[in-house]
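Residue numbers (our numbering): 7 to 225.
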C-alpha cells in the first residue's frame with residue numbers, strides 16, 4: 007500500500023560462514039512474531055539470530071533454540087569524547103597482517119566473527135607490544151554509500167588487559183570512520199561491564215537490548 011509504514015522488518019545476512027538473522031522491534035511485538043512465523047519455512051536450516059527479547063517463541067516449533075545471552079546495541083552519540091583517548095599506540099592493519107591477526111584472535115577471542123576480507127576495508131587497527139599483537143579491532147560492516155558502520159572483533163590479549171588498549175584501538179577506528187560515515191554502532195554482551203564502560207567513555211550509548219540465539223531446524 008502506497009504510503010504505508012513498515013511495521014516489522016527482518017534482515018538475513020549471508021556472509022561466507024553462518025547466516026545471521028536480525029529482527030529487532032520498536033513497538034509492535036505481534037507484527038514481529040507474525041513475520042518470524044511466516045519466515046520460518048524459508049530460513050536456512052542453521053542460522054544465528056539477533057532477536058528482541060520474547061519474539062524467539064515464534065520459531066520454537068520449527069527450530070531448536072540455543073541461547074547465547076543478552077547483548078546491547080550501542081551507538082556513538084558523543085564523538086567529541088573520542089578526544090579523551092590519544093590512540094598513540096594504535097597502528098593500521100592490512101591484508102599483509104592476516105596471519106598475525108588470525109593467530110591473535112585464536113588466542114584472544116576464539117568466538118570471533120573475523121573474516122580476512124574485512125581487512126580490505128582499511129578499518130582494522132591494532133596495538134603491538136614487544137613485537138606481539140596485544141589488541142586489535144575493526145568493522146563488521148562499513149558502507150560509505152549509506153554512511154554507517156558497525157564495529158566488531160575488538161579484543162585484547164589476556165596478557166595485556168587492564169591497560170586501556172581496547173579503548174585505544176576503538177578510538178582509532180572511530181576517528182578514521184568518521185571521515186566516511188555518520189553513524190557508528192557496535193554490539194556487546196550485556197554482562198561485559200568493562201567493555202560497556204570503555205565504550206561509554208568513548209561516547210557510545212545503549213540503544214537496544216536483544217538476545218543472540220543459534221537456530222537449528224528440527225528434523
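Every residue, glycine too, gets a C-beta built ideally from N, C-alpha and C.
For a cut-off of 8 Å, the C-beta gap from residue 80 to residue 176 is around 11 Å, too long to register as a contact. Around the CB of residue 158, 16 or more other CB atoms lie within 10 Å, so the residue is classed as buried. Closest in C-alpha terms to residue 131, from the list 142, 150, 149, comes 142.
Listed as beta-bridge partners of residue 50 by DSSP are no residues whatsoever. With respect to residue 88, residue 183 sits apart: the two C-beta atoms are not nearer than 8 Å. Pairwise C-beta distances place the segment 53 to 68 out of contact with the segment 88 to 105, as fewer than three of them are shorter than 8 Å. Assignment of beta-bridge partners to residue 72 by DSSP yields 220.
Between residue 73 and residue 216, the gap from beta carbon to beta carbon reaches 8 Å or more. With respect to residue 27, residue 66 sits apart: the two C-beta atoms are not nearer than 8 Å.
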